[in-house]
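*Asks:* Position 59 (the sequence shown) corresponds to 803 in the numbering used here; numbering is contiguous.
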Amino acid sequence: MAAPPQPPPLPAPPRKCRRPAPAVFRCRVAPRAPRCRCPGTMREAEIRRLLAANLLCALSVVLAAVVPAFFLDGFSVLGTHLTWLCVCSVCVATLNIILHLVLKPNQSPKRRFFAHKISRFLKCCIYFFMSCILFHAIIVLYGAPLIESVTETFLFAVLLSTFTTLQCLCLLGPNIQAWIRVFSKNGAVSIWESSLQITSMCSLLGAWFGAFPIPLDWDRPWQVWPISCSLGATFGYMAGLIIAPLWIHWNRKQLTYKSR
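1) Which residues in the same chain as V836 place their Cβ atom closer than 6 Å to its Cβ, once the five residues preceding and following it in sequence are excluded?
2) Using the C-alpha atoms, what's the distance from T978 back to G823?
3) Any contact of the segment 922-938 with the segment 887-906, i.e. 3+ C-beta pairs under 8 Å?
4) Can you tell me which of the three DSSP states E892 falls into?
5) Between which residues of its own chain and L799 is the CB-CB distance below 6 Å, once the five residues before and five after are set aside?
6) Rounded to the nearest angstrom, how far is the Cβ of A988 from that of S938, given a contact under 8 Å?
7) State the start and end residues of the unbroken alpha helix (DSSP H) segment that holds N840.
8) Grab the span of the alpha helix (DSSP H) containing Q941 for me, first residue to last.
9) Would you kindly work out how many angstroms separate the C-alpha atoms of V894 and Q998, rounded to a whole number?
10) Over what stretch of residues does the alpha helix (DSSP H) that includes A881 continue unbroken?
11) For R864, which of G917, Y886, G818 and M874 has the nearest alpha-carbon?
12) In this structure, does DSSP put S820 in helix, strand or coil?
13) Is R787 near the ligand SAH, in the sense that its beta carbon is under 6 Å from a heavy atom of that ligand?
14) According to DSSP, is G917 helix, strand or coil?
15) If you draw a straight line from the C-alpha of I920 to the C-alpha of W936, how long is it?
16) Identify whether W991 lies in helix, strand or coil by the three-state DSSP scheme.
17) Return the residue from the list T908, E896 and E788 that minimises the CA-CA distance to L948.
18) Roughly how many whole angstroms lie between the Cα atoms of C946 and G980?
19) Helix, strand or coil for V967 per DSSP?
20) Under three-state DSSP, which class holds S928?
21) What three-state label does DSSP hand L910 in the structure shown?
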């Protein structure tokens, strides 16, 4: 018996042309590079901060001569000079301390304990008082009356300490070695220390030049001790506050501060 015929094979289904899937390119955005804080930009910003702080200090001296007249009868820089010395010293000292706490121009990266801060504050007070005594002795050696006008001489010494020593204490702390370094040749390592050099030297030079008119026979009220010297120190201090940022800005390309 013959086998039944087999059905013809079914045609193979047509092959689908599989096109390669288009390549998907993922755009990887490069991470944003940090802003370049170049030394020139940082120095310009620091100079502006210094200029603002110095202008505030100069303004405090002006206000110390103007504002008390509204509250004290008969107040004047020449007539009530001792009162003005006290007011000016307090105003300048208070503003310097506030600016130091706000701006923190020479902040140490180390964390300080509360006991260390108290010890540092007490050392600063002792250093400031010793500076007043030292300035008083130097002024007497330069010809100021030893017994007469002791109060006037001491208040003048306090004013000089406020213009010079207090700034050193705020910026450098009670560190004599740092003081010697700053006032040595090329010893400043920051813009603030350069300003400290200029303002301190201008204050002392102003006090020295202010002593020249005292022996002259002009019979002027401002020739009474220590009016001319204290006014000279004040004008020198204000001149240093203005000259320092301008001089630093003018010589910013030549100034190179070495790290400690």
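Ideal Cβ placement from N, Cα and C applies to all residues, glycine included.
*Replies:* Taking the structure as given:
1) So the qualifying residues of the chain are S804 and T906.
2) 17 Å
3) By the C-beta criterion, the segment 922-938 is judged not to be in contact with the segment 887-906, since fewer than 3 inter-stretch pairs fall below 8 Å.
4) coil
5) none
6) 7 Å
7) H825 to L847
8) Counting along the chain, the alpha helix (DSSP H) containing Q941 begins and ends at I935 to G954.
9) 46 Å
10) F858 to L885
11) Of the listed residues, the one whose Cα sits closest to R864 is G917.
12) In the structure shown, S820 sits in coil (DSSP, three-state: anything other than H, G, I, E or B).
13) The model on display carries no ligand, and the ligand SAH is accordingly not part of it.
14) coil
15) 17 Å
16) helix
17) T908
18) Each residue's CA atom was taken as its position, placing C946 and G980 some 5 Å apart.
19) Looking at the sequence shown, residue 967 is not Val but Gln. Helix at Q967.
20) Under the three-state reduction of DSSP output, S928 falls in the coil class, being neither helix nor strand.
21) Note: L910 maps to helix in three-state DSSP.
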